[in-house]
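Asker: Take a look at the following structure, please.
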Amino acid sequence: MSTVLSAPLEVGFDYTRSLGPVLGRFFTGLRERRIEGVRGSDGRVHVPPVEYDPVTADPLTEFVPVGEEGTVVSWSWMSEPLEAQPLTRPFAWALIKLDGADTPMLHAVDAGSPEHVHTGLRVRVRWADEPVGHIRDIAYFVPVGAPDGTAPEPPPAADREGIMIAPVHLHYQHSASPEESRYLEALAEGRLIGQRCPACGKVYIPPRGACPVDGVPTEEEVELPDTGIVTTFCIVNVPFLGQRLKPPYVAAYILLDGADIAFLHLVLGCDASEVRMGMRVRAAWKPREEWWTSLENVDHFEPTGEPDAPYESFAHHL
Amino acid sequence: MSDVAVVGFAQAPNVRRTPGTTNGVEMLVPIFAEVFRQTGLSKQDIGFWCSGSSDYLAGRAFSFISAVDAIGAFPPIHESHVEMDAAWALYEAWLKIRMGEVDTALVYGFGKSSAGQLRRVLALQLDPYAVAPLWPDSISIAALQARLGLDAGLWSEKDLAEVAARYRDVDVSSLLDEPYLADPLRPHDVAPITDGAAVIILASAARAKEFAERPALITGIEHRVDTPVLGARDLTRAPSAEAAARAAGASGVEVAELHAPFTHQELILRASLGLDEQVRVNPSGGALTGNPMFAAGLARIGEAAKEIFTGRANRVLAHATSGPALQQNLVAVMEGLD
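Chains G and X, in that order, are what the protein sequence lines are.
Note that numbering that gives the first Met the number 0 gives residue 254 to position 255 of the first sequence, counting from 1, and the numbers run on in steps of one.
Note that numbering that gives the first Met the number 0 gives residue 87 to position 88 of the second sequence, counting from 1, and the numbers run on in steps of one.
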């Protein structure tokens with residue numbers, strides 16, 4: 000077995016969150032450079048405010064202004080800051096109890112080196128240059144009396160009241176299975192390969208790490224033709240973000256001759272209204288110089304003009 | 000209601016990095032075969048299937064669906080999934096048997112922690128409004144918890160190194176010479192990044208003896224949760240672990256398998272669960288020697304059950320945690336069914 004194919008997978012999304020009355024008030028306050036906590040049923044003032052009491056789960060509504068200065072309750076040193084953390088130079092994470100609050104909040108302290116941080120250290124807020132109504136309107140904290148430093152980039156602006164945007168970007172190394180890797184490598188050579196389950200004999204394309212009937216990896220390689228039938232299909236009439244074709248067009252399940260499982264692809268080359276179950280189709284390959292390890296090498300499927308397959312011949316694949 | 004016993008357990012090798020997919024199939028196929036061999040059961044005999052894993056480890060939606068292939072899930076099976084450690088999947092399966100719906104269940108958990116940057120990925124477990132947008136990583140959060148205990152005099156850095164040294168052939172003073180990873184935590188205080196998977200088979204007590212010579216009867220299993228607001232609870236304690244242990248009837252155990260990914264968390268759990276010096280803690284090596292995300296808690300239940308299977312103990316405790324800083328805790332107590 001050749002080595003598996005592996006590639007970076009980048010995932011990014013700007014989560015847009017509605018804030019509700021309690022958090023909305025807190026974040027609006029930050030934009031106006033003031034900090035408000037909320038009083039819990041046991042009298043404790045929570046900062047950041049919590050919507051429901053951590054002890055009784057009652058909704059909380061009594062807001063209490065607290066100070067911009069506070070005391071470090073616990074800290075740890077971040078010697079090599081990670082992506083998207085509040086500071087790009089080494090800093091301390093700290094639980095900070097603001098003056099007037101009873102519970103500490105988590106944030107960063109810009110202190111230069113760990114020798115300058117200790118439990119009990121007095122710190123104060125360093126506001127972001129352009130507050131937008133986000134937790135990062137507090138850029139970080141600095142020891143009381145220390146110079147401010149340079150504020151980091153402010154977070155993306157909220158475009159309306161009661162909303163915050165939280166970007167999430169994660170990085171992965173995605174690996175295909177050995178079976179899938181063989182399939183992708185074959186595609187780069189213009190071949191369609193399936194693999195046969197050693198237990199039930201079914202041929203899967205793409206091949207599978209485990210047969211869904213028997214739970215064992217598929218093994219024996221089977222070269223499949225680029226002809227097959229439409230088992231089921233839908234006509235896409237709805238426009239959506241990122242759409243590459245102009246509706247209407249047909250997305251169909253294609254069952255290659257000799258395979259036991261259908262995969263999703265496009266059927267073009269005829270009017271959408273002419274596509275039907277059982278229709279014979281053939282792959283329309285992209286020019287050879289555009290091939291890579293992807294089923295995108297097949298641009299679409301198109302009708303061959305042969306007689307349709309009878310329903311009974313594919314009914315068990317639906 | 001039907002009592003429930005653990006009758007089979009297997010786990011994939013705990014490794015720093017597998018070449019496999021994030022859907023776990025490569026790790027699961029061999030260990031399913033192993034528990035079927037142990038119990039004499041086959042997939043047709045399993046009444047209910049439940050898994051624990053996380054799409055955030057895989058970086059794609061519904062990644063656990065592909066794992067279902069490893070079961071051989073056609074014709075359709077009775078299946079469920081939790082986005083938590085699979086110990087909570089075991090709880091769901093336990094309920095199914097308790098309710099009399101089925102008399103066997105297979106529970107599995109898997110995670111390829113190495114695919115992403117684990118300590119950043121875990122930041123997304125935190126409050127998404129006021130905490131996660133700062134991207135505090137999981138090791139830093141644990142370090143803040145460790146410092147609170149140091150400042151309160153509950154433990155020293157030497158105490159933490161002594162916990163680590165129990166699982167390795169090293170002396171405590173050399174561990175204390177190591178530089179900090181996240182002051183006050185050193186590398187030995189932190190569980191390794193681990194890919195892995197685990198599987199357990201449960202059966203009703205009435206049938207358990209058909210599948211295992213000495214099943215591990217679950218005499219109590221409970222889970223509790225503390226507030227997600229890090230500042231609103233005393234991080235030097237685990238009140239939810241304490242409550243779960245009390246409800247599960249945790250006294251008098253000979254062995255405890257604790258899911259403590261950080262050295263100080265083992266000390267918190269020993270205190271919260273009321274474990275004295277008589278109790279053998281983590282004979283398996285615990286999470287500090289291998290911490291496959293979303294499987295490590297289930298593996299603790301399996302490792303504790305193994306003490307019963309082999310006759311090394313008659314009454315054992317297993318603990319699992321999920322979420323930041325021991326926020327959610329599950330405790331199971333098991334006894335030999337002779």
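Glycine included, C-beta positions come from ideal geometry on N, C-alpha and C.
On a predicted model such as this, the values are computed, not experimentally measured, just so you know.
(1) In angstroms with no decimal places, state the Cα-to-Cα distance between residue 41 of chain X and residue 232 of chain X.
(2) Rounding to the nearest angstrom, what Cα-Cα distance links residue 46 of chain X and residue 98 of chain X in this structure?
(3) Quick one: Cα of residue 91 of chain G to Cα of residue 107 of chain G, how far?
(4) So the alpha helix (DSSP H) residue 210 of chain X belongs to, where does it begin and stop?
(5) With distances taken Cα to Cα, identify the nearest neighbour of residue 146 of chain G among G:174, G:137, G:125 and G:31.
(6) Is residue 88 of chain G close to chain X? Criterion is C-beta to C-beta, closer than 8 Å.
(7) From the DSSP output, in three-state form, read off residue 87 of chain G for me.
(8) Can the beta-carbon of residue 26 of chain X be found closer than 8 Å to that of residue 196 of chain X?
(9) Find the residues of chain X that neighbour residue 257 of chain G, judging by a C-beta separation of less than 7 Å, and give them in chain order.
(10) Quick one: is residue 74 of chain G buried, meaning 16 or more other Cβ sit within 10 Å of its Cβ, or exposed?
(11) For residue 133 of chain G and chain X, any beta-carbon pair shorter than 8 Å?
(12) Using the C-alpha atoms, what's the distance from residue 314 of chain X back to residue 251 of chain X?
(13) Does the beta-carbon of residue 0 of chain G have 16 or more other beta-carbons within 10 angstroms, so that it is buried, or is it exposed?
(14) Would you identify the three-state DSSP class for residue 296 of chain G, choosing helix, strand or coil?
(15) When the cut-off is 8 Å and only beta carbons count, does residue 294 of chain G lie next to chain X?
(16) For the segment 100-115 of chain G, which residues have a CB atom closer than 8 Å to at least one CB atom of chain X, in sequence order?
(17) Can you give me the start and stop residues for the alpha helix (DSSP H) that residue 238 of chain X sits inside?
(18) Following the continuous alpha helix (DSSP H) through residue 29 of chain X, name the residue where it begins and the one where it ends.
(19) Are residue 145 of chain X and residue 261 of chain X close, meaning C-beta to C-beta below 8 Å?
(20) Just to confirm, are residue 269 of chain G and residue 250 of chain G a CB contact at a threshold of 8 Å?
(21) Apply the 10 Å Cβ neighbour rule to residue 246 of chain G and answer buried if 16 or more other Cβ atoms are within range, or exposed otherwise.
(22) Cβ of residue 116 of chain X less than 8 Å from any chain G Cβ?
(23) Would you say residue 39 of chain X reaches chain G, if we count a Cβ-Cβ gap shorter than 8 Å as a contact?
(24) What does residue 279 of chain X pair with, by DSSP beta-bridge criteria?
(25) Which residues of chain B have a Cβ atom closer than 8 Å to the Cβ of residue 118 of chain G, listed in chain order?
(26) Give the residues of chain G in contact with residue 135 of chain X, contact being defined as C-beta atoms less than 8 Å apart.
(27) If you measure beta-carbon to beta-carbon, which residues of the segment 69-81 of chain G are closer than 7 Å to chain X?
(28) Buried or exposed: which applies to residue 242 of chain G, given that a residue is buried once 16 or more other Cβ atoms fall within 10 Å of its Cβ?
(29) Run through DSSP, which three-state label would residue 0 of chain G get?
(30) Use the C-beta contact count for residue 299 of chain X: other C-beta atoms within 10 angstroms, 16 or more gives buried, fewer gives exposed.
(31) What does DSSP give as the partner residue(s) for residue 13 of chain G in the beta ladder?
(32) Beta-carbon of residue 316 of chain G versus every beta-carbon of chain X: anything under 8 Å?
(33) Any beta-carbon of chain G closer than 8 Å to the one on residue 128 of chain X?
(34) Pull up the DSSP beta-bridge partners for residue 318 of chain G, would you.
(35) Along the segment 180-193 of chain X, where does the CB come closer than 8 Å to a CB of chain G? Name the residues.
(36) Look up residue 141 of chain X in the DSSP assignment and say whether it is helix, strand or coil.
Answerer: On the basis of the coordinates in this document:
(1) 46 Å
(2) 13 Å
(3) Going by the C-alpha atoms only, they are around 6 Å apart.
(4) Segment 204-210, the alpha helix (DSSP H) holding residue 210 of chain X.
(5) G:125
(6) Chain X, which has no Cβ nearer than 8 Å to the Cβ of residue 88 of chain G, makes this no.
(7) coil
(8) yes
(9) Simply none; closest approach about 20 Å.
(10) In summary, residue 74 of chain G is buried, with 16 or more beta-carbon neighbours lying within 10 Å of its beta-carbon over all protein chains present.
(11) yes
(12) 7 Å
(13) Confidence in residue 0 of chain G is poor, its pLDDT being 46 and thus under 50, which makes the residue's placement unreliable; the coordinate value appears in the next sentence. Its Cβ having fewer than 16 others within 10 Å, residue 0 of chain G is exposed.
(14) Residue 296 of chain G falls in the helix class under three-state DSSP.
(15) no
(16) Listed by position, the residues of the segment 100-115 of chain G near chain X (Cβ gap below 8 Å) are 102, 103, 104, 105, 106, 107 and 113.
(17) 238-247
(18) Here the alpha helix (DSSP H) through residue 29 of chain X covers 24-38.
(19) Against a cut-off of 8 Å, the Cβ pair of residue 261 of chain X and residue 145 of chain X comes out as a contact.
(20) no
(21) exposed
(22) With 8 Å as the cut-off, residue 116 of chain X counts as an interface residue toward chain G.
(23) no
(24) For residue 279 of chain X, the pairing in a beta bridge is given by DSSP as X:254.
(25) Here chain B cannot be found, since the structure's protein chains are G and X.
(26) The contacting residues are 84, 92 and 105.
(27) 73, 74, 75, 76, 77 and 81
(28) exposed
(29) Caution applies to residue 0 of chain G, whose pLDDT of 46 falls short of 50 and renders its modelled position unreliable; the value that the coordinates give is listed next. Assignment of residue 0 of chain G by DSSP, reduced to helix, strand and coil, places it in the coil class.
(30) buried
(31) Answer by DSSP bridge pairing, in chain order: G:166.
(32) no
(33) yes
(34) Limits of chain G in this structure are 0 at one end and 317 at the other, which puts residue 318 of chain G out of reach.
(35) Against chain G - using a Cβ distance shorter than 8 Å - the residues of the segment 180-193 of chain X are 181, 182, 183 and 184.
(36) In this structure, DSSP gives residue 141 of chain X a helical state, which the three-state scheme calls helix.
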